[in-house]
Amino acid sequence: MFTLAGKISSRLVSRLLLRCSSAQPLAPCVEETEKSQSQPLPNASPQELPLGDEYRVVYLPKDFKLHRLNVGPARAVAIKKSQAMEYYRQQLTVRLLESAAARLYKEQLVRGFCHLYMGQEACAVGIRAAMRSTDKLITGYRVHGWAYMMGVSAQGVLAELTGRRSGCSGGKGGSMHMYGRNFYGGTGIVGDQVPLGAGVALTSKYLQDGGVCLALYGDGAANQGQVFECFNMALLWRLPMIFVCENNNYGMGTSSKRAAANVNYYTRGDLMPGIWVDGQDVLAVRSATEFAIKHAQQKGPILLELCTYRYGGHSMSDPGTSYRTREEIQKVRQQHDPIQGFGALCLEQQILTADELQEISQVARLELEVATRAARKDKEPPLSHLWRDVYSGVYEGKLRGVHPGIEV
Numbered sequence: 001m002f003t004l005a006g007k008i009s010s011r012l013v014s015r016l017l018l019r020c021s022s023a024q025p026l027a028p029c030v031e032e033t034e035k036s037q038s039q040p041l042p043n044a045s046p047q048e049l050p051l052g053d054e055y056r057v058v059y060l061p062k063d064f065k066l067h068r069l070n071v072g073p074a075r076a077v078a079i080k081k082s083q084a085m086e087y088y089r090q091q092l093t094v095r096l097l098e099s100a101a102a103r104l105y106k107e108q109l110v111r112g113f114c115h116l117y118m119g120q121e122a123c124a125v126g127i128r129a130a131m132r133s134t135d136k137l138i139t140g141y142r143v144h145g146w147a148y149m150m151g152v153s154a155q156g157v158l159a160e161l162t163g164r165r166s167g168c169s170g171g172k173g174g175s176m177h178m179y180g181r182n183f184y185g186g187t188g189i190v191g192d193q194v195p196l197g198a199g200v201a202l203t204s205k206y207l208q209d210g211g212v213c214l215a216l217y218g219d220g221a222a223n224q225g226q227v228f229e230c231f232n233m234a235l236l237w238r239l240p241m242i243f244v245c246e247n248n249n250y251g252m253g254t255s256s257k258r259a260a261a262n263v264n265y266y267t268r269g270d271l272m273p274g275i276w277v278d279g280q281d282v283l284a285v286r287s288a289t290e291f292a293i294k295h296a297q298q299k300g301p302i303l304l305e306l307c308t309y310r311y312g313g314h315s316m317s318d319p320g321t322s323y324r325t326r327e328e329i330q331k332v333r334q335q336h337d338p339i340q341g342f343g344a345l346c347l348e349q350q351i352l353t354a355d356e357l358q359e360i361s362q363v364a365r366l367e368l369e370v371a372t373r374a375a376r377k378d379k380e381p382p383l384s385h386l387w388r389d390v391y392s393g394v395y396e397g398k399l400r401g402v403h404p405g406i407e408v
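1 is the number of the first residue of the sequence shown in UniProt numbering; add one for each residue after it.
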C-alpha cells in the first residue's frame, strides 16, 4: 500500500512485540522503590464498565500507590479497537516526530536547545485520552510531543523547530515555546510552568467553566521552591488542578536519588492526595488521569507521579551516557518500552493484529516524511514580523464584560 524506506514485514512486527509480551511495562524507578502494596483487583467490576461487543476489559499489571486516598484509580479498564489503534498511532507518531527533530538538529537546521521526549510517550497519550474539552495543560521544555497531542500538526512542530512561517508560533518560539488550544505551552525556566498552571486553574475556578488544569514538571523541577508554594496555594484555594511529576529518573545528569531526600514524589504534597502511576503503561496513565480529573473538579488539587524514562540525554547536546550506562538504556528499551509494550498487549488480548499494527506504523511514518519535507521547504518569517506578537488582546474584556482600556 505504501512504499516507505525501512518497511518491515508483519511477521517481524509480531516477533518484535511478542518479545516483550511477557514483561510488565515498568520503568526503572519502579525497581528502585519499595514494592507497592496490592489494592483489591479490580476497583471496578466488568459489569460497571461501558462494555459492548467492541470493548475489551484489560487488568492493569501494576498497582497504583496511594497517598491520603482510600480508593484509587480503576485497575480494570475498558478499551475498544478504535481507541487502541489511536493510542498506538499517537505514541508512535510522537516517537517518530522526535526522531525527525533529532535529525534536523544534527543537520543544524534547529537553533538553540532541543529536548526530546522519546521514551515518555505513554505519559502524553494517556493523559490526553482522559482530558475533556474544558481542561487545560501546561508543561516544561520537553514540549514537542505535547504540542502534537494538543492539536498542533507534525509540520507545525517541525516548522517551529526550524524557524519557519508555518510553525505553530510563526517560527519565533522554537523548541520550548509551542502553543495550542487549551495548551499553554512549554517554558525554558525549570519549574516555572507550575505557578503559571496554578493561575490557569484559578481562572477556571473564577469563571466556573468546569475545567481543570494539569501542570507537568520533572523530578528535577520537583525540588524547586515555587512548586511547594503552589502546593500550598492550591490547597488553600481548592484549585481544580492536577500536579503531574514526570519522573524520568534524571534531572539533567543527576539521578533522583542523588538530588532528593524523598523520591516518592507523589507524597510530596503533604496534605494533598497523591498517586504513583506506571508511566510506561498508557492505560494506567489514562485511568489515573480520569480519577484525578474527577477529584480535582470535586475536591481540589491532587498530585500524580508518572514513573517513566527518557532514552536520550537531557538535551541534544548531552549524549546521556556519562551518568548512566548504555546497558541501562538498552534494558529499558527492550523490557519497558511503552510502544512495544502496548503493541504486545494489543496482540496478546487480540485487540489488534500484527497487520493492523504494521499499517498504523506505515501511515505514521508517511505522515512524518511529508511533514519533514514541508518544514524544510517552508520559508523563514520576514524581518517585518520581528515586532509582531509583542502584545495580545487583554483578558479583562472577557472577564469583566468591558472593552480593553475602559475604566471599571
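Each residue gets a CB set at the ideal place from its N, CA and C atoms; glycine is no exception.
Keep in mind that this is a model prediction, so the values were computed, not measured.
Quick one: what's got a C-beta closer than 8 Å to residue i's C-beta in the same chain, skipping five residues either side?
i    : result
D135 : N182, G211, V212, C213, L214, I293
A259 : D219, G220, N223, G251
L196 : I138, Y184, T187, A215
Pick helix, strand or coil for residue i, following the three-state DSSP scheme.
i    : result
E367 : helix
V152 : coil
A44  : Annotation note: pLDDT 44 at A44 (below 50); position unreliable, no value reported.
D63  : coil
T267 : helix
D389 : coil
E305 : strand
V71  : coil
E246 : strand
A260 : coil
I329 : helix
I275 : strand
H144 : helix
S384 : helix
For the alpha helix (DSSP H) that residue i lies in, which residues bound it at each end?
i    : result
N232 : 225-237
L97  : 81-106
L345 : 338-348
V200 : 193-207
V285 : 282-298
E121 : 121-130
Skipping 5 residues on each side, what residues in its chain have a beta carbon closer than 6 Å to that of residue i?
i    : result
D389 : none
A102 : none
Once you ignore the five residues that flank residue i on each side, which residues in its own chain have a CB closer than 7 Å to its CB?
i    : result
E367 : T93, A154
G313 : P319, G320
L235 : L271, M272, G300, P301
E121 : Q91, V94, R95, G145, P338, I339
L66  : G72, I275
With DSSP as the reference, please indicate the residues paired to residue i in a beta bridge.
i    : result
G218 : E246
T254 : G251
L137 : F183, L214
V58  : V77
M241 : C213
The stretch 113-120 contacting the stretch 312-323, beta-carbon criterion three pairs below 8 Å | The stretch 113-120 is in contact with the stretch 312-323.
State whether the stretch 161-179 contacts the stretch 196-204, with contact taken as three or more CB pairs (one from each stretch) at a distance under 8 Å.
-> Output reads no: the stretch 196-204 does not touch the stretch 161-179.
Say whether the stretch 120-137 touches the stretch 282-291, bearing in mind that this needs 3 or more beta-carbon pairs closer than 8 Å, one atom from each stretch.
-> Contact between the stretch 120-137 and the stretch 282-291 is present, because at least three Cβ pairs lie under 8 Å.
Counting pairs of beta carbons, one from the stretch 80-93 and one from the stretch 360-371, are three or more of them closer than 8 Å?
-> Cβ pair count under 8 Å is three or more, so yes.
Evaluate the contact criterion for the stretch 134-150 versus the stretch 175-190: three or more CB pairs, one atom per stretch, below 8 Å.
-> Touching, per the Cβ criterion.
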